[in-house]
Amino acid sequence: MSSESAFHPVLVYIPDHRGLYLASEVLRSGGFDVRSVGNITELELALELLACCVVVTVTSKIGEVRGLANIPVVNIQAFVLPNHDASAGEQSALFDRQAFLERVRDNNKYPSGASRYGAPFVN
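All letters in the sequence shown, in the order written, are residues 63 to 185 by the working numbering.
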């Protein structure tokens with residue numbers, strides 16, 4: 063039984079189809095159960111129906127997520143690092159996969175006594 067099996071699904075909200083696919087595949091390869099949405103309507107529905115407690119998105123969509131739910135947001139763009147090759151005079155980017163997966167893992171749990179909307183559970 064992997065350590066991720068105890069976690070809730072990770073919701074990926076990236077409007078760019080290629081980015082959505084790549085982020086989802088990285089998370090799946092890290093052992094996460096992933097749900098993907100590409101627009102605000104799908105995001106609203108997923109937040110209502112899924113027991114997710116972390117959303118992976120891009121910088122420009124963080125406000126939309128925070129406007130709908132009080133759950134942690136992981137900005138995947140924060141893990142894309144510039145890589146300048148001085149000998150070739152080229153600039154590329156490196157993705158810090160390990161740090162990204164660790165951040166998602168650290169945020170993928172409900173705080174004690176709280177729901178994904180930040181209100182206490184009522185028994």
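Note that the Cβ used here is the ideal one computed from N, Cα and C, for glycine as well.
Quick one: what does DSSP say residue i is sitting in, helix, strand or coil?
i    : result
V72  : strand
L156 : strand
G180 : Caution applies to G180, whose pLDDT of 45 falls short of 50 and renders its modelled position unreliable; the model cannot decide the point.
D95  : coil
E66  : With a pLDDT of only 43 at E66, under the threshold of 50, the placement of this residue in the model should not be trusted; the figure read from the coordinates follows. In the structure shown, E66 sits in a helix (DSSP, three-state: H, G or I).
N185 : Bear in mind that the predicted position of N185 carries a pLDDT of just 26, short of 50, making it unreliable; the figure below should be weighed with that in mind. Three-state result, N185: coil.
For the beta strand (DSSP E) holding residue i, just list the boundary residues, first then last.
i    : result
N170 : Premise fails: N170 is in no beta strand (DSSP E) and is neither H nor E.
T103 : Segment I102 to L111 is the alpha helix (DSSP H) holding T103; no beta strand (DSSP E) there.
N137 : V135 to N137
List the whole-angstrom C-beta distance separating residue i from residue j, where the pair is believed to meet the contact cut-off of C-beta under 8 angstroms.
i    : j    : result
L82  : V74  : 6 angstroms
V166 : V116 : 6 angstroms
A155 : L143 : 7 angstroms
Answer yes or no: do residue i and residue j have a C-beta to C-beta separation smaller than 8 angstroms?
i    : j    : result
F94  : K171 : no
V99  : P71  : no
L84  : E106 : no
V118 : I133 : no
Going by DSSP, what residues sit across from residue i in a beta bridge?
i    : result
D147 : E152
Please report the residue range of the alpha helix (DSSP H) in which residue i lies.
i    : result
V120 : Taken as a continuous stretch (DSSP letters only), V120 belongs to no alpha helix (DSSP H), as it is neither H nor E.
G81  : H79 to S91
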